[in-house]
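If you read the sequence shown in this note's numbering, its first letter stands for residue 1342, the second for the next number, and so on.
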Amino acid sequence: MIHTAGPYTLACVLVALGLYGMLARRHAVLFLVGAELVLAGGGLLLVTAGALGADGTWSGQVLTLFVITIAAAEVVIALAVIVAAYRRRAHIDLSQDAG
């Protein structure tokens, strides 16, 4: 059995770094990286909870595969929106107005 402090601490650090990246940065790509860190922390929590569960099912690992799939689709759509915004505005700073 694994000790719970390590994975839970790492998941908290990943989520905290992701939230900082999403709230403090104005660059669209760095915002996207922050969102990915939050999803990675959530996936780590799912795997840890699934490994520590006494029922013997693979529910944490299966849910993590769904999170990874959703994250991949989110990256594709978000990068397409960022490229379209860059072509229209000539910058991708989220704090500046479109005009």
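Using N, Cα and C, we set each Cβ at its ideal position, and we do this for glycine too.
Measuring CA to CA, which of the options is closest to residue i?
i	options	result
residue 1436	1368, 1378, 1351, 1414	1368
residue 1353	1395, 1397, 1381, 1364	1381
residue 1344	1357, 1359, 1390	1390
residue 1346	1361, 1358, 1393, 1363	1393
residue 1360	1429, 1395, 1396, 1375	1375
State the Cα-Cα distance for the pair residue i and residue j, rounded to the nearest angstrom.
i	j	result
residue 1421	residue 1370	11 Å
residue 1398	residue 1426	44 Å
residue 1364	residue 1433	16 Å
residue 1362	residue 1424	20 Å
residue 1409	residue 1401	12 Å
residue 1348	residue 1429	42 Å
Below 8 Å between beta carbons: does that hold for residue i and residue j?
i	j	result
residue 1373	residue 1419	yes
residue 1377	residue 1414	no
residue 1416	residue 1379	no
Are the segment 1371-1385 and the segment 1403-1413 in contact at 8 Å, needing three or more beta carbon pairs?
-> yes
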